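To start, the structure under review is shown below, and the notes come after it.
Protein chains: 2
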Amino acid sequence: MSGQEIEKLVKLIAKLPSLGTRSARRITLQLLKKRESLLLPLIQSLTDVAENIKTCEICGNYDTTSPCSICASAERDQSTICVVQDVSDLWAMERVSFFKGKYHVLGGVLSALDGITAEDLNIDSLEQRISHGGITELILALPATVDGQITTHYLLSRFKKYNLKMTTLAQGIPMGGELEYMDEGTIQLALNSRKEL
Amino acid sequence: MSGQEIEKLVKLIAKLPSLGTRSARRITLQLLKKRESLLLPLIQSLTDVAENIKTCEICGNYDTTSPCSICASAERDQSTICVVQDVSDLWAMERVSFFKGKYHVLGGVLSALDGITAEDLNIDSLEQRISHGGITELILALPATVDGQITTHYLLSRFKKYNLKMTTLAQGIPMGGELEYMDEGTIQLALNSRKEL
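Top line first, the protein sequences correspond to chains A and B.
Counting along the first sequence from 1, when you hit position 66 you're at 53 in the working numbering, and nothing is skipped either side.
Counting along the second sequence from 1, when you hit position 132 you're at 119 in the working numbering, and nothing is skipped either side.
In structure tokens, the structure reads:
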């Protein structure tokens, strides 16, 4: 392969999640072939994002403004905060456009293995928001993993004193899910939380 | 998802080969998180490529110079041209660093289905290189598909008049390949071209 610039670009693209050297080479070639329709627009778009996108000082979302459009919106329920692990979870929630409250992005979950403590997460800023008052419900939408559950329990005990309603997402059989293909943990959870009809 | 710039970037990244909307979102998030170590270097690298990489006027390779470093090199065998379908094939050959001749990138193969004729490929420029003289061997390293084989035969008959040695890559069992897992076409080919020991 000739051209140091190309080698460098391939290496950088290979660093992106879900890509390896092989796909990075294919992408680089495609960019070189479609200079006008792909490479130049991509540079422009990346530059726009780099110049304009900020991290929201309140909730941790990415937007062109800080506070972000969700935090700044007067139409959204000010009294409910949905706590999520990552901005990707916030995006997933927003795609459903069912939840009309505010968010708080923790930036991770507690993990003894990875050495992630409460100080590494945006928990202090969440407590500030709560202590300012006006919040009545905290939805803890953290992942259904061991670390996620530990973080949920940590937040539960830490914010107990504020007398908030604290909820978590329902767990059970997903929509369209067939019992036959569910793991035992999910079936047990769904049985435990069975609803009366 | 908030921020039109982010939406636009996700859509552009999703257009790249081997990527869909889901992986494009993950990549965009990663870029936003690693602004200094990933986003800004990527913009710089893409800009470098856009500004500096040209298509070689002789062989069709991508390089910072035209003629490219391979075409310009005096150390490489001037008398042998390896004809490949795409720049990615040229890169694959160069990674082996066994072939020491020159290249010619056709930019595709003949295809009745896709309406690709000889005029759509870089065949005229290849004929010019041959007719200038000095070329003794043409290695037709086109894909082992029906269209690739048709293109090989087209080139064979078109360049017959120049009295060149024209060769093609050997076909057979790949290195480390086990008979059990080979398709019947490959086994038949390998049998047909069996070598005396």
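Backbone N, C-alpha and C fix where the C-beta goes; we use that ideal spot for every residue, glycine too.
Because the structure is a prediction, the values reported are computed rather than measured.
*For the candidate residues Ala37/B, Ala128/B, Leu97/B, whose alpha-carbon lies nearest to that of Cys69/B?*
Of all alpha-carbon atoms in Ala37/B, Ala128/B, Leu97/B, the one lying nearest the alpha-carbon of Cys69/B is that of Ala128/B.
*Can you tell me whether DSSP reads Met80/A as helix, strand or coil?*
helix
*beta strand (DSSP E) containing Thr204/B: first to last residue?*
Past the edges of chain B, shown from -12 to 184, lies residue 204/B, and the structure says nothing about it.
*So what does Ile103/B bridge to, in DSSP terms?*
Ser98/B
*asked:* Using a 10 Å radius around the Cβ and a threshold of 16 neighbouring Cβ atoms, would you call Phe85/B buried or exposed?
replied: exposed
*Rounded C-beta distance between Gln115/B and Lys89/B? I'm assuming under 8 Å.*
At roughly 14 Å, the Cβ-Cβ gap does not stay under 8 Å, so Gln115/B and Lys89/B are not in contact.
*Are the C-beta of Leu(-1)/A and some C-beta of chain B separated by less than 8 Å?*
Any Cβ of chain B closer than 8 Å to the Cβ of Leu(-1)/A would place that residue at the interface, and such an atom is present.
*Interface residues of chain A facing Asn39/B [CB-CB closer than 9 Å]*: Within chain A, the residues near Asn39/B are Gly(-10), Glu(-8).
*asked:* Buried or exposed for Asp101/A, going by 16 or more other Cβ atoms inside 10 Å?
replied: exposed
*Using a C-beta to C-beta distance shorter than 8 Å, which residues of chain B count as neighbours of Pro54/A?*
Under the 8 Å cutoff, chain B gives no residues; its nearest Cβ is about 11 Å from Pro54/A.
_Cβ pair Ser98/B, Asp76/B closer than 8 Å_ = Between Ser98/B and Asp76/B, the C-beta spacing is not below 8 Å.
*asked:* Quick test of your reading: Thr67/B and Ile126/B, contact by CB under 8 Å. State the CB separation rounded to the nearest angstrom.
replied: 7 Å
_Start-to-end residues for the alpha helix (DSSP H) that takes in Thr138/A_ = 133 to 145
_Residues of chain A with CB closer than 7 Å to the CB of Ile30/B, please, in chain order._
Ile30, Leu33, Thr34, Ala37
*asked:* Does the distance between the C-beta of Ala61/B and the nearest non-hydrogen atom of the ligand COA fall short of 7 Å?
replied: This structure lacks the ligand COA; in fact it carries no ligand of any kind.
*Would you say Thr51/A reaches chain B, if we count a Cβ-Cβ gap shorter than 8 Å as a contact?*
Output row for Thr51/A: interface = yes.
*For my contact list, Pro4/A and Gln72/A are in at a C-beta cut-off of 8 Å; report their separation, rounded to the angstrom.*
A Cβ-Cβ distance of about 16 Å is found for the pair Pro4/A and Gln72/A, leaving them out of contact under the 8 Å criterion.
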